[in-house]
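Asks:
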Amino acid sequence: MAIPITVLDCDLLLYGRGHRTLDRFKLDDVTDEYLMSMYGFPRQFIYYLVELLGASLSRPTQRSRAISPETQILAALGFYTSGSFQTRMGDAIGISQASMSRCVANVTEALVERASQFIHFPADEASVQALKDEFYGLAGIPGVIGVVDCMHVAIKAPNAEDLSYVNRKGLHSLNCLMVCDIRGALMTVETSWPGSLQDCVVLQQSTLSSQFEAGMHKESWLLGDSSFFLRTWLMTPLHIPETPAEYRYNMAHSATHSVIEKTFRTLCSRFRCLDGSKGALQYSPEKSSHIILACCVLHNISLEHGMDVWSSPVTGPVEQPPEEDYEHMESLDLEADRIRQELMLTHFS
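Count the sequence shown with numbering that gives the first Met the number 0 and you get residues 0 to 348, in order.
#1: May I ask you to verify whether the stretch 225-240 touches the stretch 99-108, counting CB pairs closer than 8 Å and requiring at least 3?
#2: So, helix, strand or coil for G145, using DSSP?
#3: Relative to the C-alpha of I239, which residue among L233, W232, R247 is closest?
#4: Contact defined as beta carbons within less than 8 Å: I believe F120 pairs with M186. What is the distance between those atoms, to the nearest angstrom?
#5: Can the beta-carbon of G194 be found less than 9 Å from the beta-carbon of I154?
#6: Using beta-carbon positions only, say whether A54 and I140 come within less than 9 Å of one another.
#7: By DSSP's criteria, N249 is part of a beta bridge. Which residues make up the other side?
#8: Let me make sure I understand the geometry here. Which of V188, L196, E189 has the alpha-carbon closest to that of V165?
#9: What residue range does the alpha helix (DSSP H) around S55 cover?
#10: Here's the rule I'm using: 16 or more other beta-carbon atoms within 10 Å means buried, otherwise exposed. How should E112 be labelled?
#11: Taking only runs of the beta strand (DSSP E) that begin and end inside the stretch 169-254, which ones reach a length of at least 3 residues, in chain order?
#12: Between G93, G39, A65, S115, which has its C-alpha nearest L292's C-alpha?
#13: Only counting the same chain, and skipping five residues up and downstream in sequence, which positions put a Cβ closer than 8 Å to that of L221?
#14: Should Y38 go down as buried or exposed, given a rule of 16 or more other Cβ atoms within 10 Å for buried?
#15: Select from L76, Q204, Q281 the residue whose C-alpha is nearest the C-alpha of S36.
#16: So, with DSSP's three-state summary, where would you put P321?
#17: Please look up how many angstroms separate the CB atoms of P284 and S191, rounded, as I've assumed it's under 8 Å.
#18: Which whole-angstrom value describes the C-beta separation of D198 and C149, a residue pair presumed to lie in contact below a C-beta threshold of 8 Å?
#19: Check for me: the alpha helix (DSSP H) holding K351 runs from which residue to which?
#20: Indicate the three-state DSSP secondary structure (helix, strand or coil) for V29 in the structure shown.
#21: From the DSSP secondary-structure annotation, give me the bridge partner or partners of V165.
#22: Whole angstroms is fine: what's the gap from V127's alpha carbon to I181's?
#23: What is the rounded straight-line gap between the Cα of V188 and the Cα of G275?
#24: For L280 versus S287, is the C-beta spacing smaller than 9 Å?
#25: So L302 is in the alpha helix (DSSP H); what residue range does that whole segment cover?
#26: Opposite L280 in the DSSP bridges: which residues?
#27: Are the CB atoms of R269 and T70 nearer to each other than 9 Å?
#28: How about V200 and C175: are their beta carbons less than 9 Å apart?
#29: Relative to the C-alpha of E368, which residue among R167, L110, D27, E341 is closest?
#30: Report yes if the C-beta distance between L26 and Y47 is below 9 Å; otherwise report no.
#31: Following the continuous alpha helix (DSSP H) through H346, name the residue where it begins and the one where it ends.
#32: Quick one: what does DSSP say S95 is sitting in, helix, strand or coil?
#33: Check this for me: beta carbons of L229 and D332, under 9 Å apart or not?
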């Protein structure tokens, strides 16, 4: 008697009933070393994600076998940390590569829904002052509450006619704007900007810029490199320092800005789907943007759970399109220039 193909899912077709079923994979059946090597995170962290995302991942389905939240999370972590839908990854938890892809999509959306819960600037004055004190203790620049920069993540070409995602290296990418604190925790993440946009344009058009221009965190500023314009709320280095104070300011700026450079390297080392070593993200710009944001949420959650941002092995610098020289534009903001000169005179003379 023929069996209607519509009642079978792809996992049953691929593996049959004798294959390890979805309900039989348990975290308690494997070692901590196995979890870290396959999924990049320890047991208790995975249990926390199951509790956090379980309700979203248990939504009604028409499929004959619903994949458990635990299995969905393991599949997604496997992709984020390895950068590929490896057959052995799906085999380990008893699902096909097609199901792996669905799991990644489900977990990604669940994490994106919670992005504002884990990625934000501190709201109370005491926490803001603590940020300033920590940054001042690093290199002596007062008033800093965050370091800003952009990171390119390679994606597949959306279509032949769309050149907006082609960056200066000729690759399709998303240009992601981020701000981090001294621990590497992300306080702003905007992941949907096309790779053709220069960093200064991304910042100028960003929600972050609108917030600071509207007066958020007055008497505070961010630090950015020379790919950004000097602003009253954004301190950049001098292109050609001449005085001892200017040299000391630039050295302090470089030491402080290195925090986000290291954060980018750690993100790409922990989440190999972002580093391009396995190829570009094979999704639309919108879905790729969500995957990047999901990894950023996981990055911050891991910090909250005591996983030091600097503990991941760092394989090397994140390749970025070359920066342009914007020094000739800085004089347009005379007030910003006055603030920087006063900063150097007061703290670096």
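Even for Gly, the Cβ is constructed at its ideal location relative to N, Cα and C.
Replies: Put simply:
#1: Cβ pair count under 8 Å is below three, so no.
#2: Reading the sequence shown from its first residue, position 146 is the one you call residue 145. In the structure shown, the three-state DSSP call for G145 is strand.
#3: For this step, residue 239 is matched to residue 240 along the sequence shown. Nearest C-alpha to I239 among L233, W232, R247: R247.
#4: Position 121 of the sequence shown holds residue 120. Position 187 of the sequence shown holds residue 186. About 5 Å separates the two Cβ atoms, so the contact holds.
#5: Taking the sequence shown and counting its residues from 1, one reaches residue 194 at position 195. Taking the sequence shown and counting its residues from 1, one reaches residue 154 at position 155. Yes. Within cutoff.
#6: Taking the sequence shown and counting its residues from 1, one reaches residue 54 at position 55. Taking the sequence shown and counting its residues from 1, one reaches residue 140 at position 141. Cβ atoms of A54 and I140: not closer than 9 Å.
#7: Counted from its first residue, the sequence shown places residue 249 at position 250. In the DSSP assignment, N249 forms no beta bridge with any residue.
#8: By 1-based counting over the sequence shown, the position of residue 165 is 166. When each option's Cα is compared against that of V165, the closest is L196.
#9: The sequence position of residue 55 within the sequence shown is 56, counting from 1. If you look at S55, you'll find it in the alpha helix (DSSP H) that goes 42-56.
#10: Taking the sequence shown and counting its residues from 1, one reaches residue 112 at position 113. Under this definition E112 is an exposed residue.
#11: Qualifying beta strand (DSSP E) stretches, in chain order: 172-179, 185-193, 220-222.
#12: Within the sequence shown, the letter at position 293 stands for residue 292. Nearest neighbour of L292 by Cα position, chosen from G93, G39, A65, S115, turns out to be S115.
#13: Looking up residue 221 in the sequence shown gives position 222. Counting only Cβ-Cβ distances below 8 Å, and skipping sequence neighbours, we find V143, I144, G145, V146, V147, V178, F211, W232, L233, M234.
#14: Looking up residue 38 in the sequence shown gives position 39. Label assigned to Y38: buried.
#15: Taking the sequence shown and counting its residues from 1, one reaches residue 36 at position 37. Nearest of L76, Q204, Q281 to S36, Cα basis: L76.
#16: Position 322 of the sequence shown, counted from the start, is the residue given in the question as residue 321. Bear in mind that a pLDDT of 46 at P321, under 50, signals an unreliable position, so the number given afterwards is only what the model happens to contain. DSSP places P321 in coil when its eight states are reduced to three.
#17: Locating residue 284 in the sequence shown gives position 285, counting from the first residue. Locating residue 191 in the sequence shown gives position 192, counting from the first residue. About 7 Å separates the CB atoms of P284 and S191; that is less than 8 Å, so the two are in contact.
#18: Taking the sequence shown and counting its residues from 1, one reaches residue 198 at position 199. Taking the sequence shown and counting its residues from 1, one reaches residue 149 at position 150. Distance from D198 to C149 at the Cβ level is roughly 4 Å; contact confirmed, criterion being Cβ atoms closer than 8 Å.
#19: Outside the displayed span of the chain (0 to 348) sits residue 351, for which this structure offers no information.
#20: For the purposes of this step, residue 29 is taken as residue 30 along the sequence shown, with counting starting at 1. Here DSSP, grouped into helix, strand and coil, assigns V29 to coil.
#21: For this step, residue 165 is matched to residue 166 along the sequence shown. Beta-bridge partners assigned by DSSP to V165: H171.
#22: Along the sequence shown, one-based indexing puts residue 127 at 128. Along the sequence shown, one-based indexing puts residue 181 at 182. When rounded, the distance between both Cα atoms is 12 Å.
#23: For the purposes of this step, residue 188 is taken as residue 189 along the sequence shown, with counting starting at 1. For the purposes of this step, residue 275 is taken as residue 276 along the sequence shown, with counting starting at 1. Rounded to the nearest angstrom, the two C-alpha atoms are 19 Å apart.
#24: Numbered from its first residue, the sequence shown carries residue 280 at position 281. Numbered from its first residue, the sequence shown carries residue 287 at position 288. With respect to S287, L280 sits close: the two C-beta atoms are nearer than 9 Å.
#25: Here residue 302 refers to the residue found at position 303 of the sequence shown. For L302, the enclosing alpha helix (DSSP H) starts and ends at 284-303.
#26: As a working mapping, residue 280 is identified with position 281 in the sequence shown. Answer is I154, bridged to L280.
#27: Residue 269 sits at position 270 when you count from the first residue of the sequence shown. Residue 70 sits at position 71 when you count from the first residue of the sequence shown. The answer is no: Cβ separation not under 9 Å.
#28: Within the sequence shown, numbered from 1, the residue matching residue 200 stands at position 201. Within the sequence shown, numbered from 1, the residue matching residue 175 stands at position 176. In this structure, V200 lies away from C175, with their beta-carbon atoms at least 9 Å apart.
#29: Nothing about residue 368 can be reported from this structure: the residues present for the chain run from 0 to 348 only.
#30: For the purposes of this step, residue 26 is taken as residue 27 along the sequence shown, with counting starting at 1. For the purposes of this step, residue 47 is taken as residue 48 along the sequence shown, with counting starting at 1. No. Outside cutoff.
#31: Locating residue 346 in the sequence shown gives position 347, counting from the first residue. DSSP places H346 in the uninterrupted alpha helix (DSSP H) bounded by 333-346.
#32: Residue 95 sits at position 96 when you count from the first residue of the sequence shown. For S95, the three-state secondary structure derived from DSSP is coil.
#33: To locate residue 229, count along the sequence shown from 1; it is residue 230. To locate residue 332, count along the sequence shown from 1; it is residue 333. Cβ distance < 9 Å, so L229 and D332 count as in contact.
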